[in-house]
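**Student:**
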Amino acid sequence: MHPAIPAEKQEHPMRCPVCGAEATAARCGGCNRPLLPPLQDGPALRLEDIEHTYGTGAAAVHALRGTSFAAARGEITVISGPSGGGKSTALLTMGLLLRPTSGTVSVAGEPLHEASEKRRARVRLLRMGFVFQQFNLLAALTAEENVLVPLRYAGVAAEAARDRARDLLRRLGLERRAVHRPADLSGGEKQRVAVARALALGPDIVLADEPTANLDSRAGRQVTEQLAELARAQRSAVVVVTHDTRLAPLADRVLHLEDGRLNPAPAGREEDR
Ligand SMILES: Nc1ncnc2c1ncn2[C@@H]1O[C@H](COP(=O)(O)OP(=O)(O)OP(=O)(O)O)[C@@H](O)[C@H]1O
Ligand SMILES: [Mg+2]
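Last residue of the sequence shown: 273 in UniProt numbering, with the numbers rising by one and none dropped.
(1) I believe Val254 touches Val78 by the beta-carbon criterion, under 8 Å. Please report the beta-carbon distance rounded to the nearest angstrom.
(2) With distances taken Cα to Cα, identify the nearest neighbour of Val240 among Ile205, Arg15, Ala157, Lys190.
(3) Below 8 Å between beta carbons: does that hold for Val147 and Leu126?
(4) Return the residue from the list Gly84, Ala194, Ala71 that minimises the CA-CA distance to Gly109.
(5) Span of the alpha helix (DSSP H) holding Arg177?
(6) Confirm the yes/no value for this check: CB of Lys118, any heavy atom of ligand 1, distance under 7 Å.
(7) Alpha carbon to alpha carbon, how far is Gly20 from Leu151?
(8) Check Asn263 in the structure and name its three-state DSSP category.
(9) What residue does the alpha helix (DSSP H) around Leu92 start on, and which one ends it?
(10) Using a Cβ-Cβ cut-off of 6 Å (strictly less than) and excluding sequence neighbours within five positions of Leu227, which residues of its own chain qualify?
(11) Can you grab the Cα-Cα spacing for the pair Gly85 / Val193, in whole Å?
(12) Can you tell me whether Leu230 is buried or exposed? The criterion is at least 16 other CB atoms within 10 Å of its CB, across all chains shown.
(13) In chain order, which beta strand (DSSP E) runs of at least 3 residues are fully inside the region 19 to 87?
(14) Any residues whose CB sits closer than 5 Å to a heavy atom of ligand 1? List them in chain order?
(15) Can you look up Gly155 in the DSSP assignment and give me helix, strand or coil?
(16) My output table needs one value for Glu189: the three-state DSSP class, helix, strand or coil.
(17) Expressed to the nearest angstrom, what Euclidean distance is found between the alpha-carbon atoms of Leu138 and Gly57?
(18) Which residue from Cys28, Pro249, Pro111 puts its Cα closest to that of Glu48?
(19) To the nearest angstrom, report how far apart Ala183 and Glu145 are at their CA atoms.
(20) Please classify His52 as buried or exposed, where buried requires at least 16 neighbouring CB atoms within 10 angstroms.
(21) Can Asp209 be considered in contact with ligand 2, in the sense that its beta carbon sits closer than 7 Å to one or more heavy atoms?
(22) Any idea which residues DSSP pairs Arg15 with across the strands?
(23) Name the residue from Leu64, Ala219, Leu97 whose alpha carbon lies nearest to the alpha carbon of Gly81.
(24) Is it the case that the region 28 to 35 contacts the region 88 to 102, given that we only count it when at least three CB pairs across the two stretches are under 8 Å?
The structure is reproduced here in structure tokens:
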């Protein structure tokens, strides 16, 4: 790397995660996806000594108390723990949706806890995908149009965006549901559309908060298996926060978050896997 030129302006050979074209510039020449420099060595995501306090004085809640965490590309982490333990707070902090009270958050080596909202939003768009408990699909749009939202928002060319959305829906077994609106889909189908949307731009990091909480166990397992398989194939770092202990076997590691402290899952729980 040339030290005098900002990393984003330098040429980094990479493969566009949307259309697969060889790319070196700030935008893919094939589909126009904006590109941030590819990950070098080191974790995709790193949290160090994160404290998060909601409220002040007598009403203060210490949701995170010195949490450190790192996730590598291609690695699937499940974080479980009791209600109120700080899981959603940790995931929001990882997703640059919440600024920590103290501590550092870096994505692909770039410190972002004090970065501008504009920069945090750009990294979020181009490096991260989210899956939520409530699906959060747009009711007026079809399944395919929901998957197109991030692609078009990022400026991906219409045809390449449509190809990408259709390919993901096909891989998730939803090709025959592409023209249906969320109201006409089952819970499991809705969450698979949400997975396709989260993976649309080929994120380095996928964050999921209780993705199976509104699904029966079969649909929950299926959607999580598909998320894990597709994310591994594109080498995303995946963090799934869940009460659902049945998801543990899909993970490369299981962590336990309780009272704002993150630790490896107790050995007894590991044996359950
Ligand atoms: N916006 C907020 N304002 C004040 N306190 C909050 C806020 N959000 C969360 N908390 C508190 O912070 C603590 C951690 O909450 P968090 O939502 O991170 O837990 P969780 O592990 O995700 O719980 P659950 O499993 O129920 O989703 C809880 O005591 C919660 O009441
Ligand atoms: Mg939560």
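Where is the CB? At the ideal position from N, CA and C, for every residue including glycine.
**Tutor:** Based on what the coordinates show:
(1) Numbered from its first residue, the sequence shown carries residue 254 at position 254. Numbered from its first residue, the sequence shown carries residue 78 at position 78. Their Cβ separation, rounded to whole angstroms, is 5 Å, which keeps Val254 and Val78 in contact under 8 Å.
(2) Here the question's residue 240 lines up with position 240 in the sequence shown. Looking at the Cα atoms, Ile205 is the closest of the given residues.
(3) The residue given as residue 147 occupies position 147 in the sequence shown. The residue given as residue 126 occupies position 126 in the sequence shown. Contact: no.
(4) Residue mapping note: residue 109 aligns to position 109 of the sequence shown, counting from 1. It is Ala71 whose Cα lies nearest to the Cα of Gly109.
(5) On the sequence shown, position 177 is the one that residue 177 refers to. Taken as a continuous stretch (DSSP letters only), Arg177 belongs to no alpha helix (DSSP H), as it is neither H nor E.
(6) In the sequence shown, counting from the first residue as 1, residue 118 sits at position 118. Because no heavy atom of ligand 1 lies under 7 Å away, the Cβ of Lys118 does not count as near it: no.
(7) Here residue 20 corresponds to residue number 20 of the sequence shown, with the count starting at 1. Here residue 151 corresponds to residue number 151 of the sequence shown, with the count starting at 1. Cα to Cα, Gly20 sits roughly 15 Å from Leu151.
(8) Sequence index remark: in the sequence shown, residue 263 carries index 263 (1-based). The answer is strand: DSSP assigns Asn263 an E or B state.
(9) Mapped onto the sequence shown, residue 92 falls at position 92. Residues 87 to 94.
(10) Taking the first residue of the sequence shown as position 1, residue 227 is located at position 227. Same-chain partners within the cutoff: Val195.
(11) For the purposes of this step, residue 85 is taken as residue 85 along the sequence shown, with counting starting at 1. For the purposes of this step, residue 193 is taken as residue 193 along the sequence shown, with counting starting at 1. Using only the alpha carbons, I get a separation of about 29 Å.
(12) Looking up residue 230 in the sequence shown gives position 230. Buried, because 16 or more other Cβ atoms sit within 10 Å of the Cβ of Leu230.
(13) 45 to 54, 61 to 71, 76 to 80
(14) Tyr54, Val61, Ala63, Ser83, Gly84, Gly85, Gly86, Lys87, Ser88, Thr89
(15) Here residue 155 refers to the residue found at position 155 when the sequence shown is read from its first residue. Coil, per DSSP.
(16) Along the sequence shown, one-based indexing puts residue 189 at 189. Looking at Glu189 - three-state DSSP - the assignment turns out to be helix.
(17) To locate residue 138, count along the sequence shown from 1; it is residue 138. To locate residue 57, count along the sequence shown from 1; it is residue 57. The straight-line gap from Cα to Cα measures roughly 39 Å.
(18) Walking along the sequence shown from the start, residue 48 turns up at place 48. It is Pro111.
(19) The count along the sequence shown starts at 1 and reaches residue 183 at position 183. The count along the sequence shown starts at 1 and reaches residue 145 at position 145. Spanning the alpha carbons of Ala183 and Glu145 requires a straight line of approximately 14 Å.
(20) On the sequence shown, residue 52 is found 52 positions in, with the first residue counted as 1. Buried is the call here.
(21) Counting from one through the sequence shown, the residue named residue 209 turns up at place 209. Yes, Cβ of Asp209 sits closer than 7 Å to a heavy atom of ligand 2.
(22) The residue labelled residue 15 in the question sits at position 15 within the sequence shown. Looking at the DSSP output, Arg15 shares a beta bridge with Glu22.
(23) The residue you call residue 81 lines up with position 81 of the sequence shown. That would be Leu64, whose Cα lies nearest to the Cα of Gly81.
(24) no
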